[in-house]
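J.: Using this note's numbering, you'd call the opening residue of the sequence shown number 6 and step up by one each time.
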Amino acid sequence: MLLGQIGINTEVTWFEPATNSTADKAAAERRWEFECGIIAHPIFSADGDYPNLVKQIVAKRSKEEGFPESRLPRLTAEEIGFIKGTSDFFGLNHYATLKVKPSKPLKGTSEFNDVGVKIVKEYEWR
6 MLLGQIGINT EVTWFEPATN STADKAAAER RWEFECGIIA HPIFSADGDY PNLVKQIVAK
66 RSKEEGFPES RLPRLTAEEI GFIKGTSDFF GLNHYATLKV KPSKPLKGTS EFNDVGVKIV
126 KEYEWR
């Protein structure tokens with residue numbers, strides 16, 4: 006019998022709030038959930054679904070944009086059961102950290118508008 010493990014590996018950027026404000030802290034959390042949570046949460050969380058924050062944001066934005074339902078596909082109980090726990094470990098490649106703050110929506114439908122986060126240019130936060 007082989008005693009190996011199967012893991013998942015992903016490259017992510019870490020996001021720090023541009024300032025200590027509540028709005029900037031929330032922006033960093035949103036960006037992280039859309040960057041890493043959307044991948045890791047279905048596999049490693051107890052409920053095995055997308056992060057609640059991601060589901061709520063995409064549903065709200067979809068409604069505001071006139072969609073009849075959320076643009077984020079709903080995972081069925083069967084899909085959640087199939088995905089949950091499918092990895093023994095999580096490998097994370099981290100190459101960059103960026104500072105973020107809330108952004109105003111642009112025209113059209115996009116992940117950028119869903120997340121509502123703007124990257125602060127390096128020269129702005131040295």
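Here a beta-carbon is modelled for each residue, glycine too, at the ideal position from N, C-alpha and C.
If you pair each beta-carbon of the segment 35 to 45 with each one of the segment 109 to 120, do three or more pairs fall below 8 Å?
T.: Touching, per the Cβ criterion.
J.: Would you check if the distance between the CB atom of P4 and the CB atom of K123 is smaller than 8 Å?
T.: Outside the modelled stretch of the chain, which goes from 6 to 131, sits residue 4, for which no answer is possible.
J.: Let me know if A82 comes out buried or exposed under the rule of 16 or more other beta-carbons within 10 Å of its beta-carbon.
T.: Indexing the sequence shown from 1 puts residue 82 at position 77. Exposed: under 16 other Cβ atoms inside 10 Å.
J.: Along the chain, where does the beta strand (DSSP E) that runs through E16 open and close?
T.: Counting from one through the sequence shown, the residue named residue 16 turns up at place 11. Counting along the chain, the beta strand (DSSP E) containing E16 begins and ends at G12 to P22.
J.: Going along the chain, which residues of its own chain have a beta-carbon closer than 8 Å to the beta-carbon of E40, five neighbours each way excluded?
T.: Walking along the sequence shown from the start, residue 40 turns up at place 35. Closer than 8 Å at the Cβ level, and outside the excluded window around E40, lie V17, T18 and F20.
J.: Span of the alpha helix (DSSP H) holding K68?
T.: Within the sequence shown, residue 68 is the residue found at index 63, counting from 1. It spans N57 to E69 - the alpha helix (DSSP H) in which K68 sits, taken as one unbroken run.
J.: Starting from V125, trace the beta strand (DSSP E) in both directions and tell me its first and last residue.
T.: Taking the sequence shown and counting its residues from 1, one reaches residue 125 at position 120. Run containing V125: none; DSSP gives neither H nor E here.
J.: Compute the Euclidean distance between the alpha carbons of I85 and L58, then round it to the nearest angstrom.
T.: Numbered from its first residue, the sequence shown carries residue 85 at position 80. Numbered from its first residue, the sequence shown carries residue 58 at position 53. Answer to the nearest angstrom: the Cα atoms are 17 Å apart.
J.: Look up T91 in the DSSP assignment and give the residues it is bridged to.
T.: Here residue 91 is taken as the residue at index 86 of the sequence shown, counted from 1. DSSP output for T91 lists no bridge partner at all.
J.: Determine which residues share a DSSP beta bridge with A101 and list them.
T.: For the purposes of this step, residue 101 is identified with residue 96 of the sequence shown, where counting begins at 1. The partner list for A101 (beta bridge, DSSP) reads T18.
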